[in-house]
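Q: Before we start, here is the structure in question, set down as structure tokens.
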Amino acid sequence: MKNFFVRTLTGIAFTGVVVGSLLLNEYTFGILFLFVLLAGLHEFFNFFKNAEIKPNRILASVIGGVIFIAFFLIGKGILPETTYFSLIPVFLLVFIAELYRGRNFPFENIAAGVLGLIYIALPLSMISLLVFSNNTYSPALLLALFVIIWSYDSGAYLFGVTLGKHRLFKRISPKKSWEGAIGGALLAIAAASLISSYFVPEVDLIHWIILAVITVISATYGDLTESLFKRQFNLKDSSNFLPGHGGILDRFDSLFFAVPTMVLYWRIFV
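Residues in the sequence shown are numbered from 14 upward in steps of one, following the working numbering.
Structural data, given as structure tokens:
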């Protein structure tokens with residue numbers, strides 16, 4: 014009962030901070046997700062603390078922060094969109110810096126550093142593409158994404174606990190079931206339908222249904238990918254930062270695949 018109370022209290026506080034930061038203004042949004050990015054990289058690189066792989070944590074964190082701030086400033090119209098191309102060579106700094114570190118396993122060190130940037134920093138930076146339109150901040154689309162993901166997670170848990178019999182991906186995540194995934198997907202589609210009807214009526218319902226489906230699929234793979242990493246290093250949670258919920262990566266892993274997918278669909282089809 015105590016664990017349930019702690020988990021519930023943390024969940025309410027977590028939701029309040031995320032939603033409140035998004036609704037307040039673009040700067041609270043930026044501060045929140047820059048923190049999530051840096052904390053996520055910290056947890057990711059901690060996976061390797063008992064291994065011989067030693068990625069350049071400080072440099073990767075600085076690069077991740079620069080990428081996020083650049084996307085944010087481009088979204089606000091302060092930097093031109095051509096800045097995107099200038100960010101590509103920044104990744105090469107991880108390779109160059111490794112030449113001077115004198116560490117063992119330079120290939121693995123570089124690979125871990127670049128993976129952290131691609132897996133965590135780049136998707137979280139792309140969130141700015143969802144909240145800025147014509148240099149104007151509007152969190153509606155990102156809030157809709159959170160509602161879809163949280164609806165899916167809640168439905169997957171409830172249906173999985175009550176009806177779950179067939180394992181979705183037993184080798185990676187033994188607790189996930191097909192019944193939970195399908196139930197969660199139905200709840201996510203229902204949530205997307207409500208969003209279409211009451212919050213973003215100018216976008217056709219069919220787009221929201223498709224977005225719900227691809228968000229469910231991408232979020233599931235994002236979750237499974239983090240589980241794959243944790244299983245390799247024999248970890249239950251990425252950290253204990255959020256009591257009862259694990260770490261930052263455990264709460265935001267769905268976004269790492271869902272954000273790029275939603276950005277791509279929204280830019281092409283909506």
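Every residue gets a Cβ at the ideal spot worked out from N, C-alpha and C, and that includes glycine.
Report the residue from P273, W279 and G177 whose alpha carbon sits nearest the alpha carbon of S138.
A: Here residue 138 is taken as the residue at index 125 of the sequence shown, counted from 1. Measuring from the Cα of S138, the nearest candidate turns out to be P273.
Q: Quick check on DSSP: helix, strand or coil for T95?
A: In the sequence shown, the residue the question calls residue 95 occupies position 82. Three-state result, T95: coil.
Q: How many angstroms separate the CA atom of G173 from the CA atom of E111?
A: Numbered from 1 along the sequence shown, position 160 holds the residue referred to as residue 173. Numbered from 1 along the sequence shown, position 98 holds the residue referred to as residue 111. Distance between the alpha carbons of G173 and E111 is about 45 Å.
Q: Can you give the Cα-Cα distance for F316 and K62, rounded to whole angstroms?
A: Since the first and last residues shown for the chain are 14 and 283, residue 316 lies out of range.
Q: In the DSSP assignment, the beta strand (DSSP E) including R286 goes from what residue to what residue?
A: Nothing about residue 286 can be read from this structure; the chain reaches only from 14 to 283.
Q: Do G168 and L130 have their C-beta atoms within less than 8 Å of each other?
A: Here residue 168 is taken as the residue at index 155 of the sequence shown, counted from 1. Here residue 130 is taken as the residue at index 117 of the sequence shown, counted from 1. No, Cβ-Cβ distance for G168 and L130 is not below 8 Å.
Q: Excluding the 5 residues preceding and the 5 following F27 in the sequence, name in chain order all residues of the same chain whose CB lies nearer than 8 Å to its CB.
A: The residue labelled residue 27 in the question sits at position 14 within the sequence shown. Excluding positions up to five away in sequence, the list reads L255, H258 and R264.
Q: Please determine, among A64, I161, A153 and G196, the residue with the shortest C-alpha to C-alpha distance to K178.
A: The residue labelled residue 178 in the question sits at position 165 within the sequence shown. When only C-alpha atoms are compared, the closest one is G196.
Q: Kindly indicate which three-state DSSP category K243 falls into: helix, strand or coil?
A: Position 230 of the sequence shown, counted from the start, is the residue given in the question as residue 243. In the structure shown, K243 sits in a helix (DSSP, three-state: H, G or I).
Q: For the beta strand (DSSP E) containing S190, name the first residue and the last one.
A: Translated into the one-based positions of the sequence shown, residue 190 becomes position 177. Run containing S190: S186 to S190, per the beta strand (DSSP E) assignment.
Q: Report yes if the CB atom of L47 is closer than 8 Å to the CB atom of G78, and no otherwise.
A: Translated into the one-based positions of the sequence shown, residue 47 becomes position 34. Translated into the one-based positions of the sequence shown, residue 78 becomes position 65. Yes, they are a contact pair.
Q: Mapping DSSP to helix, strand and coil, what is L100?
A: The residue given as residue 100 occupies position 87 in the sequence shown. DSSP places L100 in coil when its eight states are reduced to three.
Q: Since F81 and A134 are thought to touch, with beta carbons under 8 Å apart, how far apart are those beta carbons, to the nearest angstrom?
A: To locate residue 81, count along the sequence shown from 1; it is residue 68. To locate residue 134, count along the sequence shown from 1; it is residue 121. At roughly 7 Å, the Cβ-Cβ gap stays under 8 Å, so F81 and A134 are in contact.
Q: In terms of DSSP beta bridges, what is G77 paired with?
A: The sequence position of residue 77 within the sequence shown is 64, counting from 1. Note: G77 sits in no beta bridge, so no partner.
Q: Indicate the three-state DSSP secondary structure (helix, strand or coil) for G88 in the structure shown.
A: Position 75 of the sequence shown, counted from the first residue, corresponds to residue 88. Of the three classes helix, strand and coil, the one that applies to G88 here is helix, per DSSP.
Q: What does DSSP give as the partner residue(s) for S146 in the beta ladder?
A: Looking up residue 146 in the sequence shown gives position 133. In the DSSP output, where bridge partners are listed per residue, S146 has T149.
Q: Any idea if F42 is buried or exposed, counting beta-carbon neighbours within 10 angstroms, 16 or more meaning buried?
A: Indexing the sequence shown from 1 puts residue 42 at position 29. Result: buried.
Q: Does the Cβ of I202 have 16 or more other Cβ atoms within 10 Å, making it buried, or fewer, making it exposed?
A: For the purposes of this step, residue 202 is taken as residue 189 along the sequence shown, with counting starting at 1. When all chains shown are included, I202 counts as buried.
Q: Using a Cβ-Cβ cutoff of less than 7 Å, which residues in the same chain neighbour F4 once the five nearest sequence positions on both sides are dropped?
A: This structure cannot speak to residue 4, because the chain is shown only from 14 to 283.
Q: Just to confirm the assignment, what range does the alpha helix (DSSP H) spanning L54 have?
A: Within the sequence shown, residue 54 is the residue found at index 41, counting from 1. Looking at the DSSP string, the run of the alpha helix (DSSP H) that includes L54 is E39 to N59.
Q: Just curious, the alpha helix (DSSP H) that Y211 is in, first and last residue?
A: The residue labelled residue 211 in the question sits at position 198 within the sequence shown. Element bounds for Y211: n/a, residue is neither H nor E.
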